[in-house]
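2 protein chains.
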Amino acid sequence: MTPKDFRAQISAGEFTNPTAGYCNGYVQANLVVLDKKYAEDFKKFCEINSKPCPLIEMVGPGTSHTSFLADNADICTTIPRYHVWEEGKMIKEVNDITSYYNKDMSFFLLGCSFSFEESLMDAGIALRHVDQKINVAMYDTNIPLKPVGPFHGYMVVSMRPIKASQVSDACCITGNSPIAHGAPVHVGMPELIGISDLAKPDYGDAVEIKDDEIPVFWACGVTPQNALQQAKLDFAITHAPGCMFVSDILNKEYGK
Amino acid sequence: MTPKDFRAQISAGEFTNPTAGYCNGYVQANLVVLDKKYAEDFKKFCEINSKPCPLIEMVGPGTSHTSFLADNADICTTIPRYHVWEEGKMIKEVNDITSYYNKDMSFFLLGCSFSFEESLMDAGIALRHVDQKINVAMYDTNIPLKPVGPFHGYMVVSMRPIKASQVSDACCITGNSPIAHGAPVHVGMPELIGISDLAKPDYGDAVEIKDDEIPVFWACGVTPQNALQQAKLDFAITHAPGCMFVSDILNKEYGK
Chain V
28 MTPKDFRAQI SAGEFTNPTA GYCNGYVQAN LVVLDKKYAE DFKKFCEINS
78 KPCPLIEMVG PGTSHTSFLA DNADICTTIP RYHVWEEGKM IKEVNDITSY
128 YNKDMSFFLL GCSFSFEESL MDAGIALRHV DQKINVAMYD TNIPLKPVGP
178 FHGYMVVSMR PIKASQVSDA CCITGNSPIA HGAPVHVGMP ELIGISDLAK
228 PDYGDAVEIK DDEIPVFWAC GVTPQNALQQ AKLDFAITHA PGCMFVSDIL
278 NKEYGK
Chain X
28 MTPKDFRAQI SAGEFTNPTA GYCNGYVQAN LVVLDKKYAE DFKKFCEINS
78 KPCPLIEMVG PGTSHTSFLA DNADICTTIP RYHVWEEGKM IKEVNDITSY
128 YNKDMSFFLL GCSFSFEESL MDAGIALRHV DQKINVAMYD TNIPLKPVGP
178 FHGYMVVSMR PIKASQVSDA CCITGNSPIA HGAPVHVGMP ELIGISDLAK
228 PDYGDAVEIK DDEIPVFWAC GVTPQNALQQ AKLDFAITHA PGCMFVSDIL
278 NKEYGK
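Residue numbers (our numbering), protein chains in the order written: chain V, 28 to 283; chain X, 28 to 283.
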């Protein structure tokens with residue numbers, strides 16, 4: 028199934044599930060929708076916090092249709108599930124945001140870790156959460172984000188156990204995926220970034236760390252949602268976790 | 028002082044010390060000299076073990092003059108000190124190998140870690156052995172080399188303590204220096220590569236590892252000398268440790 032056909036199914040209300048495992052090889056993107064009055068601050072926030080917030084495409088105000096990640100896809104209908112936020116709290120999950128759309132909205136599409144996970148697995152680096160078909164383990168940290176306007180807070184990281192002999196390769200490979208959170212932000216020693224117990228992730232599922240493995244930490248796409256909560260904006264929309272915008276651009280093509 | 032002037036001093040017998048700290052910014056190279064009958068095997072050995080043996084230039088047989096790393100430098104006189112080997116044992120240290128030269132000799136110039144150490148320090152990653160002006164800590168490992176003809180053995184690694192927050196950057200930066208041993212071969216967990224006590228290096232000097240640091244291991248230029256010892260060739264010449272060939276090529280230019 029091509030990404031275009033997949034998005035058509037989603038727009039028709041025929042697919043409302045997480046997008047992991049669909050249209051493999053194509054860039055998937057997280058979504059943040061804000062009133063245009065916050066757009067400049069949020070754009071700058073993404074630019075100076077580019078590991079957790081890798082901005083790929085900004086759409087609007089005045090339109091909800093993409094031009095880079097896909098040719099003229101309507102962001103209001105082509106994501107399986109959306110979260111609607113008021114005053115920093117998620118108040119509703121919906122399958123279509125057309126009824127919320129207005130011409131003052133700015134849409135931000137941000138890179139996600141699916142891109143680099145594919146590269147890691149292609150290089151023979153096993154990912155336990157993928158093998159076990161569970162969610163990646165994610166943790167709040169004490170790594171401060173660089174604040175811009177109302178946007179601030181701390182980085183959320185994802186953790187993958189990597190063999191000590193493959194940590195270096197994992198760093199180099201993901202360093203070549205700047206749109207997918209890039210190289211790790213921390214290697215080993217979780218206590219130094221404020222994580223007290225790896226067995227108790229703040230989001231997602233815990234995984235075993237074997238004797239020959241080191242916990243490696245990458246900036247995580249949950250970070251911008253946390254920054255939104257901190258900012259307590261009157262209104263915002265995001266994708267629902269795991270339910271991403273599936274683009275027409277191949278991971279392998281991006282940036283090459 | 029330009030590398031050309033520095034090499035002229037060395038050829039004139041006016042400089043016979045280690046080359047670290049001289050002509051900063053320029054690629055320095057290790058030397059291996061073999062009879063041409065071993066040249067094809069050693070070349071292939073370098074190619075398939077490129078992290079410990081990054082071959083930059085092959086000179087001869089029929090000449091001892093470089094054409095790539097420097098314009099027409101005589102390798103027989105432009106290195107401060109050489110080691111002469113017989114039957115796998117170092118038998119003599121000399122300042123000039125002109126008297127040993129014959130037209131059947133092949134000269135191999137191999138990259139060294141000075142190139143990537145400069146890049147690491149430029150990126151704000153401190154190197155304890157440089158700060159303390161001691162030799163880097165080096166260890167024998169159980170990581171097998173891929174054998175070719177008479178050449179075989181195990182990899183020697185150098186270890187640098189790196190902050191957990193900078194390990195990823197250190198991997199990515201050195202991964203961009205393929206002529207200087209490239210990205211690390213192992214991160215943390217020395218016992219997994221046959222190192223029982225980091226405080227007792229097999230070569231060089233021990234350094235402290237602080238609480239927020241991880242020992243990171245890179246392939247080391249001592250490896251080819253160990254492979255030579257294993258091969259027990261009737262005759263070979265190498266540079267003396269620390270006394271390198273100083274080239275006309277800037278680290279920053281190489282491969283770009």
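Glycine included, C-beta positions come from ideal geometry on N, C-alpha and C.
Going by C-alpha positions, X:Y181 is about 13 Å away from X:V212. Assigned with DSSP and collapsed to three states, V:R187 falls in strand. For V:H92, there are no C-beta contacts with chain X under 9 Å, since the nearest C-beta of that chain is about 36 Å from it. Scanning its chain for C-beta atoms nearer than 8 Å, with the 5 sequence neighbours on each side dropped, one finds around X:Y53 the residues P30, V273, S274, D275, I276, L277, N278, in chain order.
Within chain V, no residue has its beta carbon less than 9 Å from that of X:A207; the closest one is some 14 Å off. Residues of chain V with a Cβ closer than 9 Å to the Cβ of X:C198 are, in chain order, V194, S195, D196, A197, C198, C199, G202, A210, P211, V214.
Within the segment 164–224 of chain X, the alpha helix (DSSP H) runs of at least 4 residues that lie entirely inside it are, in chain order, 194–202. Following the DSSP letters along the chain, one finds X:V157 inside the alpha helix (DSSP H) bounded by residues 155–158.
For V:K119, the enclosing beta strand (DSSP E) stretches over residues 116–121.
Residues of chain X whose Cβ lies closer than 8 Å to the Cβ of V:D239 are, in chain order, M216, L219.
Per DSSP, reduced to three states, the secondary structure at V:V249 is helical. Taking a contact to require three or more Cβ pairs closer than 8 Å, the segment 148–162 of chain V and the segment 227–235 of chain V qualify as touching. Rounded to the nearest whole angstrom, the CA to CA distance from V:E113 to V:A210 is 33 Å. According to DSSP, residue pairing for X:L61 in a beta bridge involves X:S133. Per DSSP, X:M148 lies in no beta strand (DSSP E); the unbroken alpha helix (DSSP H) holding it starts and ends at 141–149.
Burial state of V:E240 is buried, judged by a 10 Å Cβ sphere holding 16 or more other Cβ atoms.
Around the Cβ of V:E145, a 10 Å sphere holds 16 or more other Cβ atoms; the residue is buried. Distance from the Cα of V:V163 is smallest, within the candidate group V:E280, V:D238, V:P242, for V:P242. Here the alpha carbon of X:A150 sits roughly 13 Å from the alpha carbon of X:K190. By the criterion of at least three beta-carbon pairs nearer than 8 Å, the segment 255–265 of chain V is not in contact with the segment 195–205 of chain V. Looking at the DSSP output, V:I264 bridges to V:V60, V:V111. Nearest neighbour of X:P228 by Cα position, chosen from X:K237, X:I152, X:I83, X:F244, turns out to be X:F244.
The alpha-carbon separation between V:A39 and X:H208 amounts to approximately 54 Å. Residue-level contact check: V:A191 touches chain X, since one or more beta carbons of chain X fall below 8 Å from its beta carbon. DSSP places V:S38 in the helix class (H, G or I) of the three-state scheme. A straight-line Cα-Cα distance of about 16 Å links X:G89 and X:L136. By a beta-carbon distance limit of 8 Å, X:D123 does not contact X:T93. Their separation comes to about 16 Å. For X:L82, DSSP records a beta bridge to X:L137. Three or more beta-carbon pairs separated by less than 8 Å are not found between the segment 59–76 of chain V and the segment 51–69 of chain X, which leaves the two stretches without contact. The alpha-carbon separation between V:M85 and X:A100 amounts to approximately 56 Å. Per DSSP, X:I75 is one residue of the alpha helix (DSSP H) stretching across 66–75. The criterion of a C-beta distance shorter than 8 Å is satisfied by X:F134 and X:L58. Look at V:Y230 here: in three-state DSSP terms it is strand. The three-state secondary structure of V:P88, taken from DSSP, is coil.
Nearest to X:C73 by C-alpha distance, out of X:P205, X:V121, X:Y109, is X:P205.
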